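Under mature numbering (1 follows the signal peptide of the UniProt record, and there is no 0), residues -20 to -1, 1 to 125 are what the sequence shown spells out, in order. Glycine residues also receive a C-beta, built at the ideal position from the N, C-alpha and C atoms. Predicted, not measured: the structure shown is a model, and the values here were computed from it.
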Amino acid sequence: MMLRSSILPAMGLGCAIAVAAIAPAQARSVHVSGQFATEHGATTTPSGGVMAWLNPKTNLVTYTIKWTGLSGKVTAIHFHGPAAPGQEADVLAPVEGPYVSPLRGSVLLSSEQAHALMAGQVYVNLHTDAYPNGEARAQLSAQSR
């Protein structure tokens, strides 16, 4: 009986330590966001933006993209980077349609791309027929909690 009564508290302590180690890793997703502004000489007044959460363990980005005020229907959406504000970069990940605001989904990034996202070097742009190179752009930056 003595052995059993000393094992149970030790097992309980071990489980508590394991849960404490796992919970912070799951709770530490990085919130990134950005507001849409015009790009490529667009004369519209876009509003809305991107709210996203990066899981730094898996590099999965879960996002919500909302927009209004564009010249027409959105024809494509992409995550681009690495690029500082005002600079352009290649597509990191396309966003699947249909393109209706609000749009929710997720993309899987490489470790290098996830680091660029956390460093504010990734943007999302919205393409339309009137602006096939992009009408609106949201530069993403990490938000403190």
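Here E115 is buried: its Cβ has 16 or more other Cβ atoms, across all protein chains shown, within 10 Å. The beta carbons of V30 and Y43 sit about 6 Å from each other, so the pair counts as a contact at 8 Å. E19 and S13 have their alpha carbons spaced roughly 18 Å apart. The beta carbon of Q101 is closer than 7 Å to those of G61, P62, A63, A64 in its chain, skipping five residues each way along the sequence. DSSP links F59 through a beta bridge to A73, V104. Counting along the chain, L97 sits inside no beta strand (DSSP E); it lies in the alpha helix (DSSP H) bounded by residues 91 to 98.
Annotation for A32: V12, V41, Y43 place their beta carbon closer than 6 Å to its own, counting only its chain and skipping 5 residues before and after. A straight line joining the alpha-carbon of N105 with that of I45 spans about 10 Å. Proximity to Q93 across L34, Q15, V75 peaks at L34, based on C-alpha coordinates. Per DSSP, the continuous beta strand (DSSP E) segment holding N35 begins and ends at 27 to 35. Inter-residue distance for R117 and Q15 is about 8 Å (C-alpha atoms, whole angstroms).
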